[in-house]
Amino acid sequence: MASTNRASRFFERADQRELAFCQALNRAVRFRPVLGYFRVVSRLGDGWFWYGLILLLPILAPAVGYALALLMTFTGLTCTLTYKTLKRWLIRERPFISFPAIDCATPPLDRYSFPSGHTLHASCFQTMLFIGLPAMAWAVLPFTLSVVASRVVLGLHYPSDVAAGAIIGSTMGWLSMSLLSSGLA
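Mapping of the sequence shown onto our numbering: residues 1 to 185, in sequence order.
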């Protein structure tokens, strides 16, 4: 309980520091085509893009694709458990909930903001691709960066939610590849 109160106080201060940036970015992308792009990217980042990629890996990279697909599936499930646990434990409201001046441009998948699950997964899978299939990783990188940006642009996350998701996800991807990737070598 005490750690939750400390987290709440920390997030209240952080929310105020990040508010101006969130508002500026949220307002800057009200141009319909740009907003539409980020909505589509966000929807694909719900998992659809990654599911498709995981299913295609054995075809696109027969030598390591099957093992990498299994490892990404296992790691992705671990990522889901991690971010859902952190969100329930740390309880940070989303920017559009705390600050009505920030427009929510697409419905969130869950209530809380910290860390960004979309970013956590995208960073995890991107890291795994850079280690296992670097050429493919470079091709996927624009999508990953768009997913990361979409979280703040759409009013769903603070920059620190995204940064935390990127750090946690990249670490989980690296650990997974380091500890469990004997089938990829």
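Beta carbons: idealized from backbone N, C-alpha and C, even for Gly.
- [ ] Just mark Glu12 as buried or exposed, buried being the case when its beta carbon has 16 or more other beta carbons within 10 Å.
- [x] By the beta-carbon neighbour count (other beta carbons within 10 angstroms, threshold 16), Glu12 is exposed.
TODO: Could you tell me if Asp20 is buried or exposed, where buried requires 16 or more neighbouring beta carbons within 10 angstroms of its beta carbon?
DONE: Per the sequence presented here, residue 20 reads as Ala, with Asp not at that position. So Ala20 ends up on the exposed side.
- [ ] Taking all protein chains shown into account, decide if Phe114 is buried (16 or more other Cβ within 10 angstroms of its Cβ) or exposed.
- [x] Per the 10 Å Cβ criterion, buried.
Task: Counted within 10 angstroms of its Cβ, other Cβ atoms place Gln16 as buried (16 or more) or exposed - done: Result: exposed.
TODO: Quick one: grab the DSSP three-state call for Tyr66.
DONE: Collapsing the DSSP output to three states places Tyr66 in a helix.
- [ ] Below 8 Å on the Cβ atoms is my guess for Val147 versus Val41; work out the distance and round it to an integer in Å.
- [x] Contact holds; Cβ gap of about 6 Å.
Task: Beta-bridge partners of Glu93, as assigned by DSSP - done: DSSP output for Glu93 lists Tyr112 as bridge partner(s).
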